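Take a look at the structure below.
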Amino acid sequence: MKDILSDTFNYINEIKMCDTILMNFFQSSLWKNKIEEHDKNQIVLPIFLFFDDYEVGNPLGSHSGIHKLGAVYLTVPCIPIHRQASLNNIFLTLLFHSSDRQKFGNNIIFRPLIDELNYLKETGIEINTAKFEGNIKFELGLIVGDNIGVHSITGFVESFSSNYPCRMCKIKKEDMRKQCYVDMTLQRSWEQYTSDVSEGDVTRIGIKEACVWHDVKSFKVLYQVGVDIMHDLLEGVCKYDMSFLIFYYDNDLKLFLEVINDRMVNFDYGPDKGSKPSVSNIENIRKHGIRQSASEMTTLVRYFGLLIGDFIPRNDPVWYLYILLRQILDLITSLSLQKGSCEFLQSLVAEHHNLYLKYSNLCLKPKYHLMLHYHTLLKKFEPLVFLWSIRFEAKHRISKISANTSSNRCNICKTLAIKHQLQLNDMFLKGTSSNAI
């Protein structure tokens, strides 16, 4: 691809010059420790792996589940931001039937990819172009995905109603429901993890099996698994918060839902009109399940103050919950942050959780607990917005379109993999990645 290597090296040099701004995984403490294992003159680039299951057929049809596939995508997070947004720079790495992984296990399914990652780490690839000639090695930086997907491939329990549902600490589910600060004494350590795996009691440790990815040299699951703010925040915490806020103002302040919906429909969202929030109904709000997509929820939270702010009494205590949610969303979705933002995020999340417990009279769900770890992960990984699954899940669309145009489902994984390879070959021949689907 034209100039991608030189653009990447220029971007890395730009990143290295920024000591006070968090803007890329390349700056993270985790990656700095990783590259110390290599010769200082060796070029080493990080790799992110994303895993997710998706249905290529009708998920509600009579054959749903038969062609449910598991996909692993690969990205290089240190390429320039404008290139990271292109689906053509998200590469299909592994494709398999989800039922095969359940039958044969993670070790069999992911073994070819693990061997390939070790090869890229130890041997690398030789590059010979007009602008660069030399060897580049790659190292697995993070595994990302939604919570269920990440837990399923790393050996943690997949049920978030289990006794110990968190992969980062050993808090009990009963204590999780009211926790506003992380208890550092409960953080999982590497020594504790190896002891727990040997013990093998799932109900007491929250671990089903040893992580297969430890066969990737120098990889440690406790330190190299990301979080997904799309599912945790936009489709989780924001959904619960906004449902509570709308229900509260509809009942206590008599701000009728029809008025809110009317304003949502007629408001001018400007550049965000493509992700205009959909109207809500009282049944979903009562169940704390307001239905919005991730992009629609982002727009709703950002514009909610303009939509109904004129109805809210001055110094209304519940309104401060929304203000905190808005601040957290702005902070977590920022492409660059000041280094002091980590402690600020910690205080915002703690205050937000405390107010939600106080005014909603509800318990905190597991996704609220995951937010308590965000400030620590922000220190280790840099901006969390680069870890979310929104662009990876958009990549599924290519396979879904290809599957719907194919009459043969005998080996759908091979069919889709070949089509991905042909598209990648076309991109290499043209020398550009600007025409993403």
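All residue numbers for the sequence shown refer to the working numbering, where the first residue is 32 and numbers rise by one.
Virtual Cβ for every residue (Gly too), placed ideally from N, Cα, C.
Keep in mind the model is a prediction, meaning the values are calculated, not measured.
Review point. Measuring CA to CA, which of 57, 53 and 393 is closest to residue 107?
Key: Residue mapping note: residue 107 aligns to position 76 of the sequence shown, counting from 1. In this structure, 57 is the residue among 57, 53 and 393 with its C-alpha nearest to the C-alpha of residue 107.
Review point. Does DSSP classify residue 104 as helix, strand or coil?
Key: If you number the sequence shown from 1, residue 104 lands on position 73. In the structure shown, the three-state DSSP call for residue 104 is strand.
Check your understanding: Just curious, the beta strand (DSSP E) that residue 172 is in, first and last residue?
Key -> Taking the sequence shown and counting its residues from 1, one reaches residue 172 at position 141. Annotation: the continuous beta strand (DSSP E) that includes residue 172 extends over 164-175.
Review point. Just the Cα atoms here: how many angstroms apart are residue 279 and residue 270?
Key: The residue labelled residue 279 in the question sits at position 248 within the sequence shown. The residue labelled residue 270 in the question sits at position 239 within the sequence shown. Straight through space, the alpha carbons of residue 270 and residue 279 are spaced by roughly 14 Å.
Review point. Does the separation of the CB atoms of residue 403 and residue 213 fall below 9 Å?
Key: By one-based count along the sequence shown, residue 403 stands at place 372. By one-based count along the sequence shown, residue 213 stands at place 182. Yes, Cβ-Cβ distance for residue 403 and residue 213 is below 9 Å.
Review point. Is it the case that the Cβ atoms of residue 379 and residue 250 are separated by a distance below 9 Å?
Key: Translated into positions along the sequence shown, residue 379 becomes position 348. Translated into positions along the sequence shown, residue 250 becomes position 219. No, the Cβ-Cβ distance between residue 379 and residue 250 is not below 9 Å.
Practice item. Using only alpha-carbon positions, find the residue among 37, 33, 325 and 128 that is nearest to residue 442. Key: Working through the sequence shown from its first residue, we reach residue 442 at position 411. Answer by Cα proximity: 128.
Check your understanding: Got a sec? Which residues, its chain only, sit under 6 Å from residue 386 by beta carbon, not counting five neighbours each side?
Key -> In the sequence shown, the residue the question calls residue 386 occupies position 355. Closer than 6 Å at the Cβ level, and outside the excluded window around residue 386, lie 352.
Point to revise | Straight-line Cα distance separating residue 370 from residue 59 | key: Here residue 59 corresponds to residue number 28 of the sequence shown, with the count starting at 1. Here residue 370 corresponds to residue number 339 of the sequence shown, with the count starting at 1. For residue 59 and residue 370, the distance between alpha carbons rounds to 11 Å.
Check your understanding: By Cβ distance below 7 Å, which residues in the same chain neighbour residue 423 in space, the five residues on each side in sequence not counted?
Key -> On the sequence shown, position 392 is the one that residue 423 refers to. Excluding residues up to 5 positions away in sequence, 81, 83, 104 and 121 lie with their Cβ nearer than 7 Å to the Cβ of residue 423 in the same chain.
Review point. Can you give the Cα-Cα distance for residue 236 and residue 227, rounded to whole angstroms?
Key: Position 205 of the sequence shown, counting from 1, holds the residue named residue 236. Position 196 of the sequence shown, counting from 1, holds the residue named residue 227. C-alpha separation (whole angstroms): 6 Å.
Point to revise | Residues of its chain near residue 350, where Cβ-Cβ distance is below 7 Å and the 5 sequence neighbours each way are ignored | key: On the sequence shown, residue 350 is found 319 positions in, with the first residue counted as 1. Scanning its chain for C-beta atoms nearer than 7 Å, with the 5 sequence neighbours on each side dropped, one finds around residue 350 the residues 343, in chain order.
Check your understanding: In three-state terms, what does DSSP make of residue 396?
Key -> As a first step, residue 396 is located in the sequence shown; it is residue number 365 there, counting from the start. The answer is coil: DSSP assigns residue 396 none of H, G, I, E or B.
Exercise for review: Determine which residues share a DSSP beta bridge with residue 42 and list them.
Suggested key: If you number the sequence shown from 1, residue 42 lands on position 11. Answer by DSSP bridge pairing: none, since residue 42 is not bridged.
Point to revise | Assigned exposure category for residue 275 - 16 Cβ within 10 Å defines buried | key: As a working mapping, residue 275 is identified with position 244 in the sequence shown. Buried.
Exercise for review: Identify the continuous beta strand (DSSP E) that holds residue 125 and give its terminal residues.
Suggested key: Counting from 1 along the sequence shown, the entry for residue 125 is found at position 94. Run containing residue 125: 122-128, per the beta strand (DSSP E) assignment.
Check your understanding: Roughly how many angstroms lie between the CA atoms of residue 222 and residue 455, to the nearest whole one?
Key -> Taking the first residue of the sequence shown as position 1, residue 222 is located at position 191. Taking the first residue of the sequence shown as position 1, residue 455 is located at position 424. So the two alpha carbons sit approximately 43 Å from each other.
Practice item. Look at the Cβ atom of residue 326, then the Cβ atom of residue 87, and state whether they are nearer than 9 Å. Key: As a working mapping, residue 326 is identified with position 295 in the sequence shown. As a working mapping, residue 87 is identified with position 56 in the sequence shown. The Cβ-Cβ distance between residue 326 and residue 87 does not fall below 9 Å.
Review point. Can we say the region 140-152 touches the region 239-246, given the rule of at least three CB pairs closer than 8 Å?
Key: Three or more beta-carbon pairs separated by less than 8 Å link the region 140-152 to the region 239-246, which places the two stretches in contact.
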